[in-house]
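Step one of this worksheet: look at the structure below.
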Amino acid sequence: MGGGVCPECGLDHHSVKPLDAINAIRSFPRRYRAALATVSRDQAFDVLVRRRPEPGTWSALEYTAHAADMIDRFAPAIRRIQVEDRPSLPFFDPQARVDDDGFNDRTVSRVLSDMETACADMAATLETVEADDWTRTGRFDWGEDDILTSARNAVHEGSHHLRDTERVLAQVWGR
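Going by the numbering used here, the sequence shown opens with residue 11, and the numbers climb by one from there.
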């Protein structure tokens, strides 16, 4: 994970303050729903959202499900950081989750519902973080991060993969 400015999506990690993170997380369900709605009037909608533009690139539905999954994973990690001293927080292989959990086989409504639930939980979790607790840390597979960095990582996941979703839809829709 990390910090700085993402070269692909342009998100400035360090500019995301706690309230910004909460607001961004709350905005994702609406924004993903709007992105998928751009092609929802097309007769081939179900095919378009599942189509991978090339073998190594996920479909729009997979990107959306992955973003929801990542946001969903950060909320319990942050809750543990709030109450435990430097907990060990193993994550998972995102590609394996996409493949093994059949993200591309899920219904659009389920994926959007998962996004709603994950974002509501994450925003509610962030709202419980006391001012002095944003610097509490946990140990992830990629290193040690504090709660604010974890919140920023969740915002980055949502923002970055929203752009991926929009890009893939434009590629497979041909518009």
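Ideal Cβ positions, reconstructed from N, Cα and C, are used throughout, including at glycine.
Buried or exposed by the 16-neighbour rule on C-beta atoms within 10 Å, applied to residue i
{"i": "F150", "result": "buried"}
{"i": "G187", "result": "Residue 187 falls outside the range modelled here, since the chain spans only 11 to 185, and no answer is possible."}
{"i": "D109", "result": "exposed"}
{"i": "T138", "result": "exposed"}
{"i": "L29", "result": "exposed"}
{"i": "F84", "result": "buried"}
{"i": "C129", "result": "buried"}
{"i": "T74", "result": "buried"}
{"i": "A44", "result": "exposed"}
{"i": "E154", "result": "exposed"}
Pairwise C-alpha distance: residue j and residue i
{"i": "A34", "j": "E64", "result": "30 Å"}
{"i": "N114", "j": "A141", "result": "39 Å"}
{"i": "H166", "j": "L21", "result": "7 Å"}
{"i": "D95", "j": "R146", "result": "8 Å"}
{"i": "G14", "j": "A106", "result": "27 Å"}
{"i": "D103", "j": "H76", "result": "11 Å"}
{"i": "F101", "j": "V182", "result": "31 Å"}
{"i": "R40", "j": "G168", "result": "12 Å"}
{"i": "I157", "j": "Q53", "result": "43 Å"}
{"i": "I91", "j": "L172", "result": "27 Å"}
{"i": "T48", "j": "V93", "result": "42 Å"}
{"i": "D143", "j": "C19", "result": "28 Å"}
Residue i in three-state terms, based on DSSP
{"i": "T147", "result": "strand"}
{"i": "V139", "result": "coil"}
{"i": "V165", "result": "helix"}
{"i": "E176", "result": "helix"}
{"i": "V26", "result": "coil"}
{"i": "E18", "result": "coil"}
Near the ligand MG: residue i beta-carbon under 7 Å from a heavy atom
{"i": "A106", "result": "The ligand MG is absent from the structure shown, which contains no ligand whatsoever."}
Supposed contact pair residue j and residue i - C-beta distance, whole angstroms, cut 8 Å
{"i": "A70", "j": "T175", "result": "5 Å"}
{"i": "A87", "j": "S160", "result": "6 Å"}
Entirely within the stretch 35-119 and at least 4 residues each: give me those alpha helix (DSSP H) ranges in chain order. Fully enclosed alpha helix (DSSP H) runs of 4 or longer: 55-60, 70-93, 104-110.
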